[in-house]
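Asks: Got a structure here, written out as structure tokens. Questions coming.
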Amino acid sequence: MLRYAKVQNMQEYNIENYIKGAKRIAMGGHIRPDGDCVGSCIGLYTYLKNNYSELTIDLYLQPIPEKLHFLRHTDEIKSEYVQREPYDLFILLDSSDKDRLGEFLPYFEQAERTLCIDHHKSNTNFADDNIVVPDASSCCEVLYTMFNEEKIDYDVACALYLGIVHDSGVFKYSNTSALTMSIAGKLMEKGIPFTDIIDNTFYSKTYVQNQILGRALLESVLFYDGKCIFSVVKKEEFEFYHITSADLDGIVEQLRITKGVECAIFLYEIGELEYKVSLRSCEIVDVSEIATYFGGGGHMRAAGFNMKGTVYDVINNISERIELQLG
Ligand code: AMP
Ligand code: MN
Ligand code: MN
């Protein structure tokens, strides 16, 4: 893994060095794409299209949130798997393991070469080339350092800025560094509508999104002397409010900032006795370690995984791991 502090010049890792010789390139990110995943995929896709017009590039992602459709080229995303001739290169972004590709995994497995660009501490360096920078705020931040500044246009800047904003919680999480801020500043110089990007994609909520947030907070439970908090959204609520998992963004963060809380756990039901788990911590607990233990992954302060069992089982299992760290 790379550490910014140890790399003399990120330009050694210029994207141009990795696409040499490839004519047909496929790209993808993780299932249920978030802001950083979409920002990095669209950012790289647009950068390559703008500057290397001789390449054939296909971008594969599961359907993306409606609010991200303002980004250029999102209408070109392919969201269905069809069998194709193997690609010369597959580039996987913002994903700590290849299974995170979901239905598009065969493109990665069949490609002549693979490249992974990521910032997850739990990344297992599974590709042929791995540019993994765990001290970067976002995959978009890593990509910026691999691009030539003068080749970044307005559209690429919008996409990269979006990803940085989302993964850094608008520049407030502990993954935000002076470099993050200076890159954001450089992107602003491209004339991007930064206020709109932040308001329309991060803060703005629909009425039902506010309702489900309110409900999740109302039903949240504090435990372990107020150091932990959890809440659950069940299948019935998805049906009642006509929502999808994309409508649950921000709930775990609101739980995390509860005064006195070190660790927040948010679950939502993805199947019969099966839950998607989101973990967040403030200062002590390494949630990436817990998520990796249960077969998922993430960062020190934000991680996730899927778990089978009742809510009671899931919370009990996670609490045991938290207690091991809090001592
Ligand atoms: P989330 O709680 O889904 O917002 O995810 C927090 C962080 O953990 C993100 O960086 C995700 O990419 C990562 N993550 C979430 N779920 C998984 C999973 N099942 N496997 C690996 N990483 C995950
Ligand atoms: Mn992501
Ligand atoms: Mn990310």
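Mapping the sequence shown onto the working numbering, position 187 (from 1) lands on 189, and the numbers just tick up by one. Think of the CB as a built atom: it goes at the ideal place given N, C-alpha and C, for glycine as much as any other residue. Model, not experiment: these values are computed from the prediction.
1. Mapping the DSSP letters down to three states, classify residue 84 as helix, strand or coil.
2. What alpha helix (DSSP H) runs, 4 residues minimum, are completely inside the stretch 71-141?
3. Find the nearest neighbour of residue 98 within the set 313, 320 and 293, judged by alpha-carbon distance.
4. With a threshold of 16 other CB atoms inside 10 Å of the CB of residue 103, please say whether the residue is buried or exposed.
5. Suppose you measure from the CA of residue 305 to the CA of residue 203; what does that come to, to the nearest Å?
6. So, under 8 Å CB-CB, residue 29 and residue 43 are touching, yes? Tell me the CB distance rounded to an integer number of Å.
7. Among 262, 238 and 246, which one has its Cα closest to the Cα of residue 231?
8. Helix or strand or just coil, what does DSSP make of residue 308?
9. Listed in chain order, which residues are found with a beta carbon closer than 6 Å to a heavy atom of ligand 2?
10. Got a sec? Which residues, its chain only, sit under 7 Å from residue 212 by beta carbon, not counting five neighbours each side?
11. Starting from the N-terminal side, write out each stretch of the beta strand (DSSP E) that is 3 residues or longer and does not extend beyond the stretch 253-303.
12. How about residue 64 and residue 33: do their beta carbons lie closer than 8 Å?
13. Short of 6 Å in beta carbon distance, which residues of its chain neighbour residue 138, apart from the five on each side in sequence? Order them along the chain.
14. List in chain order: all unbroken beta strand (DSSP E) runs of 3+ residues lying wholly within the stretch 4-66.
15. Between which two residues does the beta strand (DSSP E) containing residue 149 stretch?
16. What do you reckon, is the C-beta of residue 300 under 7 Å from a heavy atom of ligand 1?
17. Could you pull out every residue in the same chain whose Cβ sits closer than 8 Å to the Cβ of residue 168, ignoring the five residues on either side in sequence?
18. Could you tell me which residues DSSP pairs with residue 233 in its beta bridges?
19. Looking only at its chain, what residues have a beta carbon closer than 7 Å to the beta carbon of residue 296, apart from the 5 residues adjacent to it on each side?
20. Pairing CB atoms from the stretch 55-62 with CB atoms from the stretch 76-95, are three or more of them under 8 Å?
21. What's the gap between the Cα of residue 245 and the Cα of residue 206?
22. Are the Cβ atoms of residue 148 and residue 17 separated by less than 8 Å?
23. For residue 237, which residues from the same chain have a beta carbon less than 6 Å from its beta carbon, with the 5 sequence-adjacent residues on both sides left out?
24. Tell me, which residues are paired with residue 225 by DSSP?
25. For residue 329 and residue 286, I'd like the C-alpha separation in whole angstroms.
26. Just the C-alpha distance for residue 21 and residue 67, rounded to the nearest angstrom, thanks.
27. How close, in whole Å, do the beta carbons of residue 161 and residue 48 come, if the pair is a contact with beta carbons under 8 Å?
28. Would residue 154 and residue 186 be called neighbours here (beta carbons separated by less than 8 Å)?
Replies: Working from what's here:
1. Three-state DSSP puts residue 84 in coil, outside helix and strand.
2. Runs of the alpha helix (DSSP H) inside the stretch 71-141: 107-112.
3. When each option's Cα is compared against that of residue 98, the closest is 293.
4. Under the 10 Å beta carbon count, residue 103 is surrounded by 16 or more other beta carbons and is classified as buried.
5. Taking the straight line joining both Cα atoms gives about 21 Å.
6. Right, their Cβ atoms sit about 6 Å apart.
7. For the residues 262, 238 and 246, the minimum Cα distance to residue 231 belongs to 262.
8. DSSP places residue 308 within a strand segment (E or B) once states are collapsed to three.
9. Going along the chain, the residues that qualify are 32, 36, 38, 39 and 96.
10. Closer than 7 Å at the Cβ level, and outside the excluded window around residue 212, lies no residue.
11. Look at the stretch 253-303 and you find these whole runs of beta strand (DSSP E), each 3 residues long or longer: 265-273 and 276-283.
12. Taking a C-beta distance under 8 Å as the contact criterion, residue 64 and residue 33 qualify as a contact pair.
13. Closer than 6 Å at the Cβ level, and outside the excluded window around residue 138, lie 121 and 144.
14. Runs of beta strand (DSSP E) with 3 or more residues, each lying fully within the stretch 4-66, are found at 26-30 and 58-62, listed in chain order.
15. Note, residue 149: premise wrong, no beta strand (DSSP E); not H, not E.
16. Residue 300 Cβ: within cutoff of ligand 1.
17. The beta carbon of residue 168 sits closer than 8 Å to the beta carbons of 36, 37, 38, 41, 140, 203 and 204 from its chain, once the five residues preceding and following it are set aside; these are given in chain order.
18. Residue 233 pairs with 268.
19. The beta carbon of residue 296 lies closer than 7 Å to those of 307 and 309 in the same chain, with the five residues before and after it left out.
20. The stretch 55-62 and the stretch 76-95 touch, with no fewer than 3 CB-CB distances between them shorter than 8 Å.
21. Linking residue 245 to residue 206 through their CA atoms gives a straight-line distance of about 16 Å.
22. Against a cut-off of 8 Å, the Cβ pair of residue 17 and residue 148 comes out as a contact.
23. Counting only residues of its own chain and dropping the five nearest sequence neighbours on each side, residue 237 has a CB closer than 6 Å to the CB of 271.
24. Paired residues: 230.
25. About 11 Å.
26. A direct Cα-to-Cα measurement between residue 21 and residue 67 gives close to 29 Å.
27. Right, their Cβ atoms sit about 6 Å apart.
28. No, the pair does not count as a contact, with Cβ atoms beyond the cut-off.
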